[in-house]
Amino acid sequence: MCLTSRAPYGLPRRSVLAGTLGVIGAATLAACSSTDEPSTPGAATASPVTGDVDTTRPHVILLGTAGGPAWYAKQNATGISTAVVVGDAVYVVDTGDRAAEQFFRANPTGEAPDEQFSTLRGLFVTHLHSDHTIDYFKMFNYGWWAGLQKITRPVEVIGPGRRTSLTTAYQGSQPPPPASPANPMPGLTDMTNSLFDAYATDINDRVRDNRFTDLRSLINVHDIAIPGFDPAIETLETMPDMNPFPVYEDDRVQVTATLVNHFPVFPAFAYRFDTDDGSVVISGDTGKSTNLARMAADTDLLLHEVIDTSWIDELYADNEALRHHLMTSHMPSTELGQFADALGARQLALHHLVPAEPPVERWQRAQENFTGTFHIGTDLAAINLRG
407 MCLTSRAPYG LPRRSVLAGT LGVIGAATLA ACSSTDEPST PGAATASPVT
457 GDVDTTRPHV ILLGTAGGPA WYAKQNATGI STAVVVGDAV YVVDTGDRAA
507 EQFFRANPTG EAPDEQFSTL RGLFVTHLHS DHTIDYFKMF NYGWWAGLQK
557 ITRPVEVIGP GRRTSLTTAY QGSQPPPPAS PANPMPGLTD MTNSLFDAYA
607 TDINDRVRDN RFTDLRSLIN VHDIAIPGFD PAIETLETMP DMNPFPVYED
657 DRVQVTATLV NHFPVFPAFA YRFDTDDGSV VISGDTGKST NLARMAADTD
707 LLLHEVIDTS WIDELYADNE ALRHHLMTSH MPSTELGQFA DALGARQLAL
757 HHLVPAEPPV ERWQRAQENF TGTFHIGTDL AAINLRG
């Protein structure tokens with residue numbers, strides 16, 4: 407991969423999210439083939455990214471494809487994370503286990519090792535479960551050393567806001583005392599502020615002793631404002647019927663979001679990225695979702711999570727609470743192909759694999775009733791939005 411030329415941001419800001427989210431300005435695309443040698447001294451000469459992909463066109467890199475807060479003994483799959491690459495701009499969705507390392511290894515735009523995070527424009531979080539956020543702050547406090555200080559505008563960080571009520575305890579169980587009772591359901595801004603506090607020693611040392619740019623000035627965090635939100639809905643329905651709504655726009659992408667069915671989690675989002683050369687929808691964690699089907703209609707590429715229910719039946723037969731969550735809040739492989747075909751997706755790629763281990767045949771079921779191009783996601787595979 408070699409997309410090395412960057413121009414400064416230049417467009418004026420305008421609001422697309424609760425009056426706070428700016429338009430990130432123009433940049434000039436200069437691309438060369440993925441087989442070219444990087445021109446910057448010290449840059450890696452080979453990329454671990456796989457797949458028959460044209461890197462001069464919009465594509466995704468599956469940084470990690472494993473679902474769940476788990477390590478899989480039979481396969482070294484990393485936690486869920488996806489990079490959307492449009493020219494020399496990169497947008498990351500979710501930051502599961504080793505996401506920051508995978509971003510560095512993938513080197514999405516062919517930068518020198520100390521500049522790789524300079525092309526990160528946006529980071530989007532689907533929901534705040536640990537398998538989607540465990541590497542969240544690492545993207546910044548390690549990216550700080552690898553080019554993040556060279557950005558000209560802060561990275562826009564977008565995700566769920568604070569919840570107003572605790573999850574209802576599983577039927578028949580006694581509700582346990584909440585963690586962090588003063589704010590038991592924090593949102594992304596809350597979480598970020600807490601992490602800045604937790605890493606204050608490191609941040610203050612680097613800023614004062616190493617003359618680093620203050621990390622707090624390099625990211626701009628937004629809790630998603632849900633149109634027409636009524637706090638009462640989160641206790642009644644995790645996925646009220648809604649149309650997709652805008653959360654971000656710059657000169658490369660338009661991003662919309664919608665609530666999906668990850669019961670009992672609220673809010674849980676899916677995202678759609680529209681570019682001049684194709685679209686991709688990233689499902690987040692969800693069972694079958696009418697909101698997602700509406701947002702993903704006629705998309706070029708659908709990246710959808712998937713679960714093997716027979717594996718869940720076998721492994722969690724004695725844990726009904728976890729089994730119930732997994733069965734109702736994720737998409738069975740036997741139903742995904744028909745779902746994707748009905749909404750008109752031209753490509754379907756599986757990720758957030760549960761379990762992320764052999765045999766691969768378990769995922770072939772998701773191809774049933776799907777007439778488009780089918781991909782079983784693997785770590786560091788790349789796929790063009792338009793085939």
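Those letters in the sequence shown? Residues 407 to 793, by the working numbering.
For glycine and all other residues, C-beta sits at the position ideal for the given N, C-alpha and C.
Could you compute how far the alpha carbon of residue i sits from the alpha carbon of residue j?
i      : j      : result
Asp683 : Arg463 : 7 Å
Glu562 : Ala787 : 25 Å
Ser716 : Glu517 : 43 Å
Tyr654 : Phe510 : 24 Å
Pro637 : Asn667 : 17 Å
Gln555 : Phe618 : 8 Å
His781 : Thr607 : 44 Å
Asn790 : Pro583 : 47 Å
Gly474 : Asp647 : 27 Å
Tyr677 : Ser586 : 29 Å
Pro795 : Asp615 : With the chain covering 407 to 793 only, the question about residue 795 has no answer from this structure.
Asn589 : Leu534 : 14 Å
Met797 : Asp706 : An answer regarding residue 797 cannot be provided, because it is not within the stretch 407 to 793 covered by the chain.
Thr456 : Thr558 : 30 Å
Ser453 : Val459 : 13 Å
Leu391 : Phe672 : This structure gives no information on residue 391, because the portion of the chain shown stretches from 407 to 793.
Ser685 : Phe635 : 27 Å
Ala476 : Ile609 : 30 Å
Gly553 : Asn725 : 45 Å
Ala674 : Thr532 : 6 Å
Thr501 : Asp785 : 13 Å
Ser735 : Ala723 : 17 Å
Asp603 : Thr461 : 39 Å
Specify the secondary structure class of residue i as computed by DSSP and reduced to three states.
i      : result
Ile688 : strand
Arg617 : coil
Phe776 : coil
Phe745 : helix
Ala481 : Note on residue identity: the sequence assigns Gln, not Ala, to residue 481. Three-state DSSP puts Gln481 in coil, outside helix and strand.
Ala755 : strand
Ile718 : helix
Ala432 : Below a pLDDT of 50, predicted positions are generally treated as unreliable, and Ala432, at 30, falls in that range; the measurement from the model is reported next regardless. Residue state, collapsed to three classes: coil.
Arg511 : helix
Asn725 : coil
Leu786 : coil
His730 : helix
Ser487 : strand
Gln770 : helix
Thr740 : helix
Ala703 : coil
Leu709 : strand
Leu665 : strand
Leu698 : helix
Ala506 : helix
Gly565 : strand
Pro652 : strand
Leu469 : strand
What do you get for residue i, buried or exposed, if any count of 16 or more other CB atoms within 10 angstroms of its CB means buried?
i      : result
Val496 : buried
Gln577 : exposed
Trp550 : buried
Ser571 : exposed
Gly793 : exposed
Glu720 : exposed
Thr539 : buried
Asp657 : buried
Gln753 : buried
Go through its chain and collect everything with a Cβ distance to residue i's Cβ below 8 Å, but skip five positions before and after it.
i      : result
Phe651 : Ile632, Pro633, Thr662, Ala663 and Thr664
Met389 : Examination of residue 389 is not possible in this model, given that the chain is present from 407 through 793 alone.
Leu601 : Tyr542 and Phe543
Asn775 : Gly743, Gln744 and Asp747
Asp629 : Gly565, Pro566, Gly567, Arg568, Gly593, Leu594 and Thr595
Keeping to the same chain, check which residues put their C-beta closer than 7 Å to that of residue i; ignore five residues upstream and five downstream.
i      : result
Leu742 : His710, Val712 and Ala772
Gln481 : Ala762, Glu763 and Pro764
Arg504 : Gly470, Thr484, Gly485 and Asp541
Asn599 : none
Thr573 : Pro670
Tyr548 : Ala506
Ser536 : Pro475
Val718 : Residue identity check: residue 718 is Ile in the sequence provided, not Val. Here the set comprises Arg729, Leu732 and Met733.
Beta-carbon of residue i versus every beta-carbon of chain D: anything under 8 Å?
i      : result
Leu529 : Annotation note: the requested chain D is absent from the structure, which comprises a single protein chain.
Leaving aside the five residues before and after residue i along the sequence, list all residues of the same chain whose C-beta is less than 6 Å from its C-beta, in chain order.
i      : result
Val491 : His465 and Pro514
Asp620 : Val613
Asp704 : Gly750
Gln660 : Asp680
Ser487 : Leu469, Gly470, Asp500, Thr501, Gly502 and Ala505
Phe530 : Val499, Ile564 and Tyr677
Self-check item: Start-end ranges of the alpha helix (DSSP H) lying completely within the region 580 to 644, minimum 4 residues
Solution: 594 to 604, 606 to 615 and 639 to 642
Quiz prompt | Ordered list of beta strand (DSSP E) runs contained in the region 519 to 563, each at least 3 residues | solution = 526 to 530
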